[in-house]
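Novice: Quick one: the structure is below, and I'll ask about it shortly.
In my numbering, the protein residues as written are 36 to 360.
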């Protein structure tokens, strides 16, 4: 897995990760989809600490359906009423060169182990079907997953059972990916409009860092849950700043901002790893982490100021893009 996809995995939810992996596999410049990945820390605060969600449910503003349309990639949603329809829909679509996303009950996925990879029986997860083949009277589908990393042929009965036994509100929804020819010469102008519109809405109070600092000084009653929440928060910060920086590097962004974003994402990753360790040990080195937290706040605020400054410029018309699909 590429360095880029490693960071994609710590920022997006499973379906979006799998879609970005597919686009990268087809040599599309996915970095351009991160033009608005620099998310406000207020959104992270609200998602993790107000809504009490985890990082895997964070939608974010980047790499949306509308944005992937810049590459002439179209998603088509279809709804089935019974699993028997899969015997027609899946072969028909896969043999025509389309790619298929499905939601499945993890209890029937051969690469997921209950108690190790997931803790809730019947949990729903997105997986990706890329091709099919037959073996005697068996139909096999090439299934790919981002976590755990897996790409192999799976018996169609396992797929049908995983869909039949899951929450049908999810599992009866199938998403088809259409990759078609696109005209890269149109992309810079449209991307510039979207980037400038997004940049005009930038706002942040950076209170999240003060909140993290307060939490670092606490003695948690449930260390595992407590530090996992902080790990997820720093994962979102690190992923956001890294991915936006990848966009700037490809687009020829200002060197000073690129350098600061590198420092920001690396420090956020370092703090995240400390919290990940604390999930198991139940403790952190407060005297060490607290100043790092406020150093991260300082660097992130500098990034924001550089990005929001009236002197900021980014000439997207100079982008040289070759079509890969």
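Just so you know, even glycine gets a beta-carbon here, dropped at the ideal spot from N, CA and C.
Would a C-beta distance cut-off of 8 Å place residue 125 and residue 237 closer than the cut-off?
Specialist: Contact flag unset, no.
Novice: CB-CB under 6 Å to residue 186, same chain, minus the five flanking residues each way: which ones, in chain order?
Specialist: 179.
Novice: Quickly, what does DSSP pair residue 149 with across the bridge? List them, please.
Specialist: Looking at the DSSP assignment, residue 149 forms a beta bridge with 153.
Novice: Is there contact between the region 260–280 and the region 81–93, where contact requires at least three CB pairs shorter than 8 Å?
Specialist: Touching, per the Cβ criterion.
Novice: If you reduce the DSSP assignment to three classes, tell me which class residue 210 lands in.
Specialist: Strand at residue 210.
Novice: If we call anything under 8 Å between Cβ atoms a contact, is residue 299 one with residue 350?
Specialist: Result no, Cβ atoms of residue 299 and residue 350 do not sit closer than 8 Å.
Novice: Any idea what DSSP makes of residue 360, helix, strand or coil?
Specialist: Note that residue 360 scores 48 on pLDDT, short of 50, meaning its location in the model is unreliable; the coordinates nonetheless yield the value given after this. Residue state, collapsed to three classes: coil.
Novice: Could you pull out every unbroken alpha helix (DSSP H) segment of at least 4 residues lying fully inside the region 37–78, listed in chain order?
Specialist: Correct list: 38–44, 49–60.
Novice: Pop quiz: residue 118 and residue 137 are said to be a contact at Cβ under 8 Å. What is the actual Cβ separation, rounded to whole angstroms?
Specialist: Incorrect: roughly 11 Å between the Cβ atoms, too far for contact.
Novice: I need the straight-line Cα distance from residue 90 to residue 170, nearest angstrom please.
Specialist: Roughly 40 Å separates the two Cα atoms.
Novice: At 4 residues or longer, and completely inside the region 166–193: list those alpha helix (DSSP H) runs for me, N to C.
Specialist: Listed in chain order, there is nothing to give.
Novice: Thinking residue 142 and residue 134 are a contact (beta carbons under 8 Å), I'd like their distance in whole angstroms, please.
Specialist: The Cβ separation is near 24 Å, so there is no contact.
Novice: May I ask you to list the residues that DSSP assigns as paired with residue 161?
Specialist: According to DSSP, residue 161 bridges with 138.
Novice: Return the CA-CA distance between residue 159 and residue 195, expressed in angstroms with no decimal places.
Specialist: C-alpha separation (whole angstroms): 14 Å.
Novice: If contact is defined by three or more beta carbon pairs under 8 Å, each pair taking one atom from either stretch, is the region 317–328 in contact with the region 247–259?
Specialist: Yes: at least three Cβ pairs fall under 8 Å.
Novice: Per the DSSP calculation, residue 334 is bridged to which residue(s)?
Specialist: Note: residue 334 sits in no beta bridge, so no partner.
Novice: Identify whether residue 108 lies in helix, strand or coil by the three-state DSSP scheme.
Specialist: Looking at residue 108 - three-state DSSP - the assignment turns out to be strand.
Novice: Curious, which full-length beta strand (DSSP E) runs of at least 3 residues does the region 194–243 contain?
Specialist: Those beta strand (DSSP E) runs which fall completely within the region 194–243 and span 3+ residues are 208–214.
Novice: Between the beta-carbon of residue 225 and the beta-carbon of residue 105, is there less than 8 Å?
Specialist: Cβ atoms of residue 225 and residue 105: closer than 8 Å.
Novice: Relative to the C-alpha of residue 94, which candidate in 46, 110, 279 has its C-alpha closest?
Specialist: It is 46 whose Cα lies nearest to the Cα of residue 94.
Novice: Kindly give me the distance between the Cβ atoms of residue 211 and residue 111, rounded to whole angstroms, as I take these residues to be in contact under 8 Å.
Specialist: Rounded, the Cβ-Cβ distance is 4 Å, consistent with contact.
Novice: Between residue 312 and the rest of its own chain, which residues show a CB-CB distance below 7 Å, the 5 nearest in sequence each way excluded?
Specialist: Nothing listed; no residue qualifies.
Novice: Assuming the contact rule is C-beta atoms closer than 8 Å, residue 64 and residue 356 should be a hit. Round their C-beta distance to whole Å, please.
Specialist: Sure, about 6 Å apart at Cβ, within 8 Å.
Novice: Got a sec? Which residues, its chain only, sit under 7 Å from residue 51 by beta carbon, not counting five neighbours each side?
Specialist: So the list reads 98, once near-sequence residues are dropped.
Novice: Report the partner residues of residue 114 according to the DSSP bridge assignment.
Specialist: Note: residue 114 sits in a beta bridge opposite 208.
Novice: If you reduce the DSSP assignment to three classes, tell me which class residue 287 lands in.
Specialist: Residue 287: coil per DSSP, three-state reduction.
Novice: Quick check: the Cα distance between residue 267 and residue 172, rounded to an integer number of angstroms?
Specialist: About 45 Å.
Novice: To the nearest angstrom, report how far apart residue 157 and residue 151 are at their CA atoms.
Specialist: Roughly 14 Å between the two C-alpha positions.
Novice: Mind checking whether residue 302 and residue 283 have CB atoms under 8 Å apart?
Specialist: Taking 8 Å as the Cβ cut-off, residue 302 and residue 283 do not qualify as a contacting pair.
Novice: Following the continuous alpha helix (DSSP H) through residue 130, name the residue where it begins and the one where it ends.
Specialist: Here the alpha helix (DSSP H) through residue 130 covers 121–130.
Novice: Quick one: using the 10 Å Cβ neighbour count with 16 as the cut-off for buried, is residue 56 buried or exposed?
Specialist: Counting Cβ neighbours within 10 Å, residue 56 comes out buried, since at least 16 surround it.
Novice: Using 8 Å for Cβ pairs, my map puts residue 239 next to residue 53. What's the rounded Cβ distance?
Specialist: With a Cβ gap of about 30 Å, residue 239 and residue 53 do not count as contacting.
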